[in-house]
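Enquirer: Mind the numbering: the sequence shown is residues 184 to 336 in the working numbering, read in order.
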Amino acid sequence: MELEIYKKDGTVSGDRVRLSPEVFEIQPNDHAIYQAVTTYLANRRQGTHKTKTYGEVSGSGKKPWKQKHTGRARVGAVRSPLWRGGGTIFGPVPRDYSKKLPKQVKQLARKSALSYKAKNASIKVVEDFTFEQPKTRELAAILKALQVSELKT
């Protein structure tokens, strides 16, 4: 597969670049891409959520009032989950959400994604992409000239 090389102003330079068939012309593996994306999203999670349980809430273990002859409901402790300010039943606890992906699956997912992009003609090669000074306005003009500024793919 060959792609045309573009200049910064969006015109075709006339040269072509040959893409490696081992990377850009494989049969894409959807499941490998799915695994790579879910692993990436899982590894971004912090996992620092936490609520206090019955045993962690501050408060005495003493009965607030006697069991009988008060006219009130029987109560064992002020830390009860039924009470305001009490502990949480089965609340979130910190955990590690990270996943590991085998190296070959990572490589297959990367090659599959690049093969999809090449098949859909979503790859553009630019001849020279250097700037004297990094300016957002210049980059926006180049992306507009290459007609990729509004694409969401």
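Virtual Cβ for every residue (Gly too), placed ideally from N, Cα, C.
(1) Give me, in chain order, the residues of the same chain whose beta-carbon lies closer than 7 angstroms to that of LYS294; leave out the 5 immediate sequence neighbours on both sides.
(2) Where does GLU239 fall in DSSP's three states?
(3) Residues in the same chain with beta-carbon distance under 6 angstroms from VAL308, minus the five sequence neighbours each way, listed in chain order, please.
(4) For ASP311, which residues from the same chain have a beta carbon less than 8 angstroms from its beta carbon, with the 5 sequence-adjacent residues on both sides left out?
(5) Alpha carbon to alpha carbon, what distance is there between TYR223 and LYS235?
(6) For GLY238, is the classification buried or exposed, using 16 other Cβ atoms within 10 angstroms of its Cβ as the cut-off for buried?
(7) If the criterion is Cβ atoms closer than 8 angstroms, does the pair ALA225 and LYS289 meet it?
Expert: Taking the geometry as given:
(1) Against the sequence shown, residue 294 aligns to sequence position 111. If we look at LYS294 and ignore the five residues flanking it on each side, its Cβ neighbours are VAL206, ILE209.
(2) Indexing the sequence shown from 1 puts residue 239 at position 56. GLU239: coil per DSSP, three-state reduction.
(3) Position 125 of the sequence shown, counted from the first residue, corresponds to residue 308. Correct list, in chain order: LEU186, ILE188, VAL200.
(4) Here residue 311 corresponds to residue number 128 of the sequence shown, with the count starting at 1. Contacts found: LYS190, LYS191.
(5) Taking the first residue of the sequence shown as 1, we reach residue 235 at position 52. Taking the first residue of the sequence shown as 1, we reach residue 223 at position 40. Rounded to the nearest angstrom, the two C-alpha atoms are 30 angstroms apart.
(6) If you number the sequence shown from 1, residue 238 lands on position 55. Exposed is the call here.
(7) Reading the sequence shown from its first residue, position 42 is the one you call residue 225. Reading the sequence shown from its first residue, position 106 is the one you call residue 289. No. Outside cutoff.
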